[in-house]
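Asks:
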Amino acid sequence: MTAAPDLAAAASALDDAQATVDAAVAVLARDGIDVRQVLAYEVAHVAAAIATGRGLLDYGGKGDVEGAITCAFIADAVGELAGKLFGREAEWGVAPDALDATRPFLAAFRAPEFLASITTDGPRHLNGDFELVADTFRRFADKELAPIAEHIHRENGDIPEEIISGLAELGAFGLSIPVEYGGYGEGGEGEYIGMVVATEELSRGSLGAGGSLITRPEILARALLAGGTEEQKQEWLPRLASAEVMNAVAVTEPDYGSDVAGVKVTATPTDGGWLITGVKTWCTFGARADVLLLLARTDPDRSKGHRGLSMFIAPKPRGEGHGFEIVQEAGDGAPGGGTMEGRPIDTIGYRGMHSYEIALDSWFVPAENLIGLEGGEGRGFYYQMAGFENGRIQTAARAIGLMQAAYEAARQYAADRKVFGQPIGEFQLTQAKLGRMATVIQASRQFSYVVAKLMAKGEGAMEATLIKAYVCKAAEWVTREAMQIHGGMGYAEEYDVSRYFVDARVLSIFEGADETLCIKVIARKLVADATA
1076 MTAAPDLAAA ASALDDAQAT VDAAVAVLAR DGIDVRQVLA YEVAHVAAAI ATGRGLLDYG
1136 GKGDVEGAIT CAFIADAVGE LAGKLFGREA EWGVAPDALD ATRPFLAAFR APEFLASITT
1196 DGPRHLNGDF ELVADTFRRF ADKELAPIAE HIHRENGDIP EEIISGLAEL GAFGLSIPVE
1256 YGGYGEGGEG EYIGMVVATE ELSRGSLGAG GSLITRPEIL ARALLAGGTE EQKQEWLPRL
1316 ASAEVMNAVA VTEPDYGSDV AGVKVTATPT DGGWLITGVK TWCTFGARAD VLLLLARTDP
1376 DRSKGHRGLS MFIAPKPRGE GHGFEIVQEA GDGAPGGGTM EGRPIDTIGY RGMHSYEIAL
1436 DSWFVPAENL IGLEGGEGRG FYYQMAGFEN GRIQTAARAI GLMQAAYEAA RQYAADRKVF
1496 GQPIGEFQLT QAKLGRMATV IQASRQFSYV VAKLMAKGEG AMEATLIKAY VCKAAEWVTR
1556 EAMQIHGGMG YAEEYDVSRY FVDARVLSIF EGADETLCIK VIARKLVADA TA
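Take 1076 as the starting number for the sequence shown in our numbering and just add one per residue.
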């Protein structure tokens, strides 16, 4: 007989965990984050898990299955914190008995038999409209994406044009573009939750060829909405929504990833526009793209840091999927002779989008393509942040879709595969693994809905960072366990779980590397709030 869900005890355990985080934040405030980087990193991840657990409490009250998932997740999160604390209580600024009050709760809801009793990831509790969105994109993913995903991965192939046109017909590229500019966004919660739901379902079909494909137009659209002139919005947003124009994002440089303020690529004024020179890297989808959303330094005074950066829409011809060299022709104000060379960066996973190092030499961009025109000079960093604002929750949604695919594959394999005379799904260890996977996925999903609602109100920047930090690491564990449940076949390319595992690895790296998010964003915000 397993324990009945106890949401009051779950909430109390979260409060005790939060008190531990608060004590550690006081240590960080006293000693400095850079002196205590390991502590700052761990505190950030614990804070992310706590926030994910709090996002699950309302869900837990909707039924016995939901309550079981909630208690199991929170017990596991607090248990992981206890492991970090053991023997290091002084470093965290707490007494050795800091979490003793949570022991009965953890004993009940971390019990193997309790985890093994969780046989489903539970209902999502979306309303009818969002269930329709989920169903529409799930059917597309199952019919169009899943059958080609493995081929794209193994062959490092390009995303077929029919995938792009099919998603355009579904309106996938206009989910966040306002109706008046040819999109489907109407503001409010619906826009944000719809994007999360669609992204999850597409990523369940393929991370590289589905969920990530709709992110880049989203980033450019939000940058335009934040700083573009009305003429620029009228020019570009309808074309993004229809997929007439596909874009890549050229922000990262070989020496500057998360440290965007150090960007070296320069934009020099010339007749009718700007000449762009320098090197960008990790420019995903850079060959197929029709334009680059490009961050460049327009003020040669490097001491100005991010205040000297501006954002451009840089048109380019489509290139080959495995590298390209383009010489710019004269015309339409362009002097001609500018060059753009894309060197492919081969990756272990996340294939189909293709990433590039792109070298530009005197590449001409028309004056009207500086976002915000004269008023946009020096504002590029802020437009980039507006563009990436949704990127973190979208990345979390991608991770959830990938986890869901891995969980479904593992559950099915566990039912089919027999060893020692019975299906491996009948063994307690397998059941407990699947139960824990289910709780992680649903907790992540429910928190993504909470964050989407906050972002719809112009809030939730911190929560979006927290969910990205939690879910992307969780995806590595879920896909790893799904692979392990498959045994030797999990290591074989013929089973999709091997792809899920290598795809998951990128999630903690892009849209803000995990260490940078934890130390430079989450920990700093926690300390700032505590000392305000």
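Glycine included, each C-beta is placed from N, C-alpha and C at the ideal position.
Buried or exposed: residue 1587, going by 16 or more other Cβ atoms within 10 Å of its Cβ?
Replies: Counting Cβ neighbours within 10 Å, residue 1587 comes out buried, since at least 16 surround it.
Asks: Looking at residue 1521: is its Cβ nearer than 8 angstroms to the Cβ of residue 1274?
Replies: Contact flag unset, no.
Asks: Going residue by residue through the region 1297-1368, where are the continuous alpha helix (DSSP H) segments of at least 4 residues, counting only ones entirely within it?
Replies: You should have 1305-1317.
Asks: Can you give me the Cβ contacts of residue 1123 inside the same chain, cut-off strictly under 6 angstroms, excluding the 5 residues immediately before and after it?
Replies: Contacts found: 1541, 1544, 1545.
Asks: Nearest to residue 1300 by CA position, among 1519, 1451, 1549, is which residue?
Replies: With distances taken between Cα atoms, residue 1300 lies closest to 1451.
Asks: In whole angstroms, what is the alpha-carbon distance linking residue 1399 and residue 1111?
Replies: C-alpha separation (whole angstroms): 45 angstroms.
Asks: From which residue to which residue does the alpha helix (DSSP H) around residue 1089 run?
Replies: Where residue 1089 is concerned, the enclosing alpha helix (DSSP H) stretches over 1082-1106.
Asks: Residue 1386 and residue 1458 look like a contact to me (Cβ under 8 angstroms); what is the Cβ gap, rounded to whole Å?
Replies: So it is a contact: roughly 5 angstroms between Cβ atoms.
Asks: Suppose the cutoff is 6 angstroms on Cβ atoms and the five residues either side in sequence are ignored; what does the same chain contact list for residue 1173 look like?
Replies: Excluding residues within five positions, the ones whose Cβ falls inside 6 angstroms are 1095.
Asks: In angstroms, rounded to a whole number, what distance separates the CA positions of residue 1487 and residue 1198?
Replies: Cα to Cα, the separation comes out at about 18 angstroms.
Asks: Please classify residue 1417: does DSSP put it in a helix, a strand, or coil?
Replies: Three-state DSSP puts residue 1417 in a strand.
Asks: Excluding the 5 residues flanking residue 1054 on each side, which residues of the same chain have their C-beta closer than 6 angstroms to its C-beta?
Replies: Residue 1054 lies beyond the stretch modelled for the chain, which goes from 1076 to 1607, so this question has no answer here.
Asks: Label residue 1177 either buried or exposed according to how many other C-beta atoms from any shown protein chain fall within 10 Å of its C-beta, with 16 as the threshold for buried.
Replies: With 16 or more Cβ atoms within 10 Å of its Cβ, residue 1177 is classed as buried.
Asks: If I measure Cβ to Cβ from residue 1555 and keep anything under 7 angstroms in the same chain, skipping five residues before and after, which residues do I get?
Replies: Closer than 7 angstroms at Cβ, skipping near neighbours: 1576.
Asks: Can you grab the Cα-Cα spacing for the pair residue 1207 / residue 1290, in whole Å?
Replies: C-alpha separation (whole angstroms): 21 angstroms.
Asks: Please report the residue range of the beta strand (DSSP E) in which residue 1386 lies.
Replies: Its beta strand (DSSP E) spans residues 1384-1390.
Asks: Put residue 1287 into one of helix, strand or coil per three-state DSSP.
Replies: Reduced to three states, the DSSP call for residue 1287 is coil.
Asks: Just verifying my parser: in three-state terms, what is the DSSP assignment at residue 1372?
Replies: Here residue 1372 sits in strand by DSSP.
Asks: My assumption, with CB atoms under 8 angstroms, is that residue 1144 sits in contact with residue 1517. Please give the rounded CB distance.
Replies: Sure, about 5 angstroms apart at Cβ, within 8 angstroms.
Asks: Hey, quick one: how far does the beta strand (DSSP E) through residue 1222 stretch, first residue to last?
Replies: Here residue 1222 belongs to no beta strand (DSSP E); instead the alpha helix (DSSP H) covers 1221-1230.
Asks: With distances taken between CB atoms, is the gap from residue 1364 to residue 1322 smaller than 8 angstroms?
Replies: Yes, they are a contact pair.
Asks: Check the C-beta distance from residue 1099 over to residue 1167 and give it rounded, since I have them as a contact under 8 angstroms.
Replies: So it is a contact: roughly 5 angstroms between Cβ atoms.
Asks: Considering residue 1179, what are the terminal residues of the alpha helix (DSSP H) in which it resides?
Replies: Taken as a continuous stretch (DSSP letters only), the alpha helix (DSSP H) holding residue 1179 covers 1178-1184.
Asks: Looking only at its own chain, which residues have a Cβ that is under 8 angstroms from the Cβ of residue 1097, when we skip the five neighbours before and after it?
Replies: If we look at residue 1097 and ignore the five residues flanking it on each side, its Cβ neighbours are 1605.
Asks: Determine the burial state of residue 1508: buried for a count of at least 16 other Cβ atoms within 10 Å of its Cβ, exposed for fewer.
Replies: Counting Cβ neighbours within 10 Å, residue 1508 comes out buried, since at least 16 surround it.
Asks: Report the three-state DSSP secondary structure of residue 1294 (helix, strand or coil).
Replies: Three-state DSSP puts residue 1294 in a helix.
Asks: Apart from the five residues just before and just after residue 1086, which ones in its own chain have a Cβ nearer than 7 angstroms to its Cβ?
Replies: 1132, listed in sequence order.
Asks: For residue 1437, which three-state DSSP category applies?
Replies: Three-state result, residue 1437: strand.
Asks: Which whole-angstrom value is the C-beta distance of residue 1567 and residue 1477, which I expect to be below 8 angstroms?
Replies: The pair is not a contact, with the Cβ atoms about 19 angstroms apart (cut-off 8 angstroms).
Asks: Check whether the region 1418-1438 touches the region 1351-1362, taking contact to mean three or more Cβ pairs, one atom from each stretch, closer than 8 angstroms.
Replies: Taking 8 angstroms as the limit for Cβ pairs, the verdict is that the region 1351-1362 does touch the region 1418-1438.
Asks: Looking at the unbroken beta strand (DSSP E) that takes in residue 1399, where does it start and where does it end?
Replies: First-last of the beta strand (DSSP E) with residue 1399: 1399-1402.
Asks: Where DSSP assigns a beta bridge to residue 1559, which residues make up the other side?
Replies: Answer is none; residue 1559 lacks a bridge partner.
Asks: How about residue 1417 and residue 1433: do their beta carbons lie closer than 8 angstroms?
Replies: Result yes, Cβ atoms of residue 1417 and residue 1433 sit closer than 8 angstroms.
Asks: Is residue 1159 helix, strand or coil when you go by DSSP?
Replies: In the structure shown, residue 1159 sits in a helix (DSSP, three-state: H, G or I).
Asks: Which residue from 1435, 1437, 1436, 1461 puts its Cα closest to that of residue 1446?
Replies: With distances taken between Cα atoms, residue 1446 lies closest to 1461.
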